[in-house]
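Visitor:
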Amino acid sequence: MGRHTISAAALALGLVVGAVQPSLAEVGVTDTEILIGALGVLTGPLYNNGKTIYDGVETVYNEVNAAGGINGRKIRYVREDDACKPEQAVPAVKKLIFEHKVFMIHGGACSNASLAAMPDIVKAQIPWVITASTAPQLTDPVNPRIFTTMLAGWMETAGQLQRLIDTGAKKIAIVRQRDAWAESRYKPLLDSFAQAGLKPVLDEEISADPADATAVALKLQAAGVDGIVAVLFPKAATVLIRDTYKIGYKPLIVGGSAIGDVKAMDQAIGIKGALDHFQALSPTKAAGDPSMAGWKAKVKKYYPQDEFQTWHMFGIASATFMVEGLKRAGRDLTRDSLVKALQDLSVNSDAYAGPITCRPDNHQCYRSMAWFSYINGDIKEMGTTHLK
Amino acid sequence: MLPYLLISGLTSGALYAMVAIGLVVVYRSTGHINFAHGELFMMGGFFAYSMITLLGFPYLLSLVLAVVLSFVLGVISDRVVFRPLMKAPGTTIVLATVGFSYLLKGISRYVWGGKGEYLSIKAIVDPAPFFIWGMPVLPQQLVVLGAAILCMLAFVAFFRWTKAGKMMQATAESAFACYLVGIRVERVYTWTWGAGAAVAGAAAVLMAPLTLLTPDIGSGLLIKAFAATILGGLGSMGGAVVGGLVVGVMESLAGGYIDSSLQEVAAFVIIMVVLVFRPSGLFGAYGVRRA
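Chains as they are written, first to last, in the working numbering: chain A, 1 to 388; chain B, 1001 to 1291.
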């Protein structure tokens, strides 16, 4: 065999190997594995909001892996803690990018932390699918490699206000907690009020961890407020609802996705009828929806300590979308091929009230919300709103 | 609105008073503020949650067991954390209590995490509100108020009339002098940390239906309770209760009449004002001199 023949054979072999395994060159992808990083809150007061979401994501990935993986590769999901703080998000995302060398990031639960991590992710040109951070500036204007499967903050508060207007409330107030999460929704909410030709009758703040909200409830009652946009997490909302009920005051209180677990609130308050005047918005179906029974069992299988919550459902929906995107990107998986697949993808998950639909010019891929009430001991879905 | 705000403030204040009593118990015996007291309270609440909600034990049995477990936790914390530092400067012990508080938070997240945004336990009494002179009150709030007063009276009697109580106070006055007269100071400290934790556990069982349980509940309540003890006079049992009630009322009035955003700030304002204008508090500080 001459030298030219050997060279040609080597070249051909190289081309064949290259054709079969081009992804070997892609960071975070091997012949058998895709390494995906999770950036989110795993410690601190809001740890539950991150941990349970990633438990939901990993449940989907575990199930996919158990069924053989995606295009011959299994997914490995590594978590880094941003503690919901910008100063911890930056080292956490650098660790994912430079130490773990992940293929992409699938996570983000706190907006302020995600915003802090964003410059590093953009600079590294890594695809990022956001699971729960709601700050609109993460995805608007469109960055080609960043997508979100969660409602943007303005969508929720716009929906909450619309719900109150639709139900006939005339004197509408805002009650918000004091943190960056609520602040990111506050300005868009005021914009929604202005667009509706309204002004909030009262604008009250309470702690995210209050023991009592009677003073605020009394002020709302004295002002004759009949509808409240609650920009609150569950604990603050629970105390507000309990204390409005305690003083015999019954405005319609409309909450966002963070307080979608009305059954847990009912158990915490323990007073029959206290939740009759509360409606919660949720991107998800009810946690008790029959379609979730299978997922509930799967989460329990992998995380026996977890009680199934809507936070898990955020993760399940987002991971379902991701899995479809990875499938469509094919065996020749690169960051570019994934982005191409994601930007024109529509997926119906078991967990969400509507489809997750990304378009090249719109990466805020989820715009549906369901309304829930807790009446006579049962969670009732009151309807679904799909924003345009 | 004023009567409503006063009632609301008093019932919130009872929560702070109950936590403040535990702080005073430890301070009067060791001369140290236990900055892990809020987390001991939190652990007591989770003990009760485990027994009432997870194991289905009756409320009163759970109360007793939560107090016992909290006492054991207090004793363990003495043996593991504080005993090795007994001769260290006060700041070291204060820092150790802060570190211990974070350890307890981490443990609670590990053991009870992932079960929800917060956890709740049922109230010992009917949770529905009733009316006193036309003003709504949650029955559990009155239970906490009554328990705070009972605890205060019990500990006042303990410190004033029992040998153990006098020994505890003596060790705070001068541990060295106590050694000289044969008091086993280490044992006194062990009982003190245990008793402080037990009070926190009892408070948690009674208060958890109102405050709800999260691993981070302790730090917020500790600040309010600390404001109460500063206001009442550091070391004064009655002062802790009165201070707690005043902090609660001030918060309520600030939220109702000035701005709701000031409600949470009220405790810090009280701490600053008292430290500047009356450092000994309303009822005078309980003097502590270290040997």
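Even glycine gets a Cβ: it sits at the ideal position worked out from N, Cα and C.
1) Look at B/Ser1108 and B/Met1043 and say whether their C-beta atoms are less than 8 angstroms apart.
2) Do A/Gln309 and A/Trp371 have their C-beta atoms closer together than 8 angstroms?
3) If you draw a straight line from the alpha carbon of B/Tyr1189 to that of B/Lys1087, how long is it in whole angstroms?
4) Quick one: is B/Val1181 buried, meaning 16 or more other Cβ sit within 10 Å of its Cβ, or exposed?
5) If contact means a Cβ-Cβ distance below 7 angstroms, which residues of the region 204–216 of chain A contact chain B?
6) Distance cutoff 8 angstroms, beta carbons only. Does B/Gly1229 sit that close to anything in chain A?
7) Please determine if the region 176–196 of chain A and the region 354–366 of chain A are in contact, where contact requires at least 3 C-beta pairs separated by less than 8 angstroms.
8) Spell out whether any CB of chain A is found under 8 angstroms from the CB atom of B/Gly1113.
9) Report the three-state DSSP secondary structure of B/Trp1112 (helix, strand or coil).
10) Does DSSP put A/Glu205 in a helix, a strand or coil?
11) State yes or no: is the C-beta of A/Gln177 within less than 8 angstroms of the C-beta of A/Ile146?
12) Going by CA-CA distance only, name the one from A/Lys95, A/Lys250 and A/Ala196 that's closest to A/Gly224.
13) Quick check on DSSP: helix, strand or coil for A/Gln177?
14) Is there a Cβ from chain B that is less than 8 angstroms from the Cβ of A/Asn348?
15) What whole-angstrom Cβ distance do A/Pro400 and A/Ile172 have, given they're in contact under 8 angstroms?
16) Residues of the region 1197–1214 of chain B in Cβ contact with chain A at a cutoff of 9 angstroms, in chain order, please.
17) Should B/Ser1077 be labelled buried (16 or more other beta-carbon atoms within 10 Å of its own) or exposed?
18) Tell me which residues of the region 1238–1258 of chain B have at least one Cβ-Cβ distance to chain A shorter than 9 angstroms, keeping chain order.
19) Among residues of its own chain, excluding the 5 on either side of B/Gly1045, which ones have a beta-carbon nearer than 6 angstroms to its beta-carbon?
20) List, in order along the chain, the chain A residues whose C-beta lies closer than 7 angstroms to that of B/Glu1264?
21) Could you pull out every residue in the same chain whose Cβ sits closer than 8 angstroms to the Cβ of A/Lys246, ignoring the five residues on either side in sequence?
22) Between B/Ala1197 and B/Gly1038, which are expected to be in contact by the criterion C-beta below 8 angstroms, what is the C-beta distance as a whole number of angstroms?
23) B/Ile1021 CB to nearest chain A CB: under 8 angstroms?
24) What in chain A is Cβ-close to B/Pro1129, meaning under 7 angstroms?
25) Find the residues of chain B that neighbour A/Asn112, judging by a C-beta separation of less than 7 angstroms, and give them in chain order.
26) Do you know how far the Cα of A/Val41 is from the Cα of A/Pro22?
27) Any chance you could list the alpha helix (DSSP H) runs of at least 4 consecutive residues sitting entirely within the region 1126–1190 of chain B, in chain order?
28) Is A/Asp120 buried or exposed, if buried means 16 or more other CB atoms sit within 10 Å of its CB?
29) On the three-state DSSP scale, how would you describe A/Asn112?
30) Quick check on B/His1037: does DSSP put it in helix, strand or coil?
31) According to DSSP, is B/Leu1262 part of a helix, a strand, or is it coil?
32) Select from the region 268–292 of chain A all residues with a C-beta closer than 8 angstroms to any C-beta belonging to chain B, and list them in chain order.
33) Contact check, A/Thr139 vs A/His363 under 8 angstroms by CB: the rounded distance?
34) Give every residue of the same chain whose Cβ lies closer than 7 angstroms to the Cβ of A/Val16, excluding the five residues on either side of it in the sequence, and list them in chain order.
35) Please give me, in chain order, every unbroken run of the alpha helix (DSSP H) with length at least 4 that falls completely inside the region 98–170 of chain A.
36) Taking the alpha-carbon positions, what's the A/Asp31 to A/Thr334 distance?
Guide: Put simply:
1) It is a contact, given that the beta carbons lie within the stated cut-off.
2) No. Outside cutoff.
3) 12 angstroms
4) exposed
5) Result list: Glu204, Glu205, Ile206, Ser207, Asp209, Ala211, Asp212, Thr214, Ala215 and Val216.
6) Reading off the sequence, residue 1229 of chain B comes out as Thr, not Gly. B/Thr1229 does not count as touching chain A.
7) Contact fails: fewer than three Cβ-Cβ distances are below 8 angstroms.
8) yes
9) helix
10) strand
11) No, Cβ-Cβ distance for A/Gln177 and A/Ile146 is not below 8 angstroms.
12) A/Lys250
13) Note: A/Gln177 maps to strand in three-state DSSP.
14) So no, A/Asn348 is outside the interface.
15) Limits of chain A in this structure are 1 at one end and 388 at the other, which puts residue 400 of chain A out of reach.
16) In summary, the residues of the region 1197–1214 of chain B whose CB is separated from some CB of chain A by less than 9 angstroms are Met1207, Pro1209, Leu1210, Thr1211, Leu1212 and Thr1214, in the order they occur in the chain.
17) buried
18) Gly1248, Glu1251, Ser1252, Leu1253, Ala1254, Gly1255, Gly1256 and Tyr1257
19) Ala1204, Ala1208 and Leu1213
20) Here the neighbours are Ser207.
21) Thr214 and Ala217
22) Not really, about 12 angstroms apart at Cβ, beyond 8 angstroms.
23) no
24) Neighbours of B/Pro1129 on chain A, chain order: Lys246.
25) The premise fails here: A/Asn112 is roughly 18 angstroms from chain B at the closest Cβ pair, so nothing lies under 7 angstroms.
26) The predicted model places A/Pro22 with a pLDDT of 43, which falls under 50 and marks its position as unreliable; any figure quoted below should be read in that light. Roughly 34 angstroms between the two C-alpha positions.
27) 1139–1161, 1163–1173 and 1175–1180
28) buried
29) helix
30) helix
31) In the structure shown, B/Leu1262 adopts helical secondary structure according to DSSP, grouped into three states.
32) Ala268, Ile269, Gly270, Ile271 and Lys272
33) Indeed they touch by this definition, with Cβ atoms about 5 angstroms apart.
34) For A/Val16, the predicted model reports a pLDDT of 42, less than 50, meaning its position is unreliable and no value from the coordinates is stated.
35) 111–124 and 153–166
36) 12 angstroms
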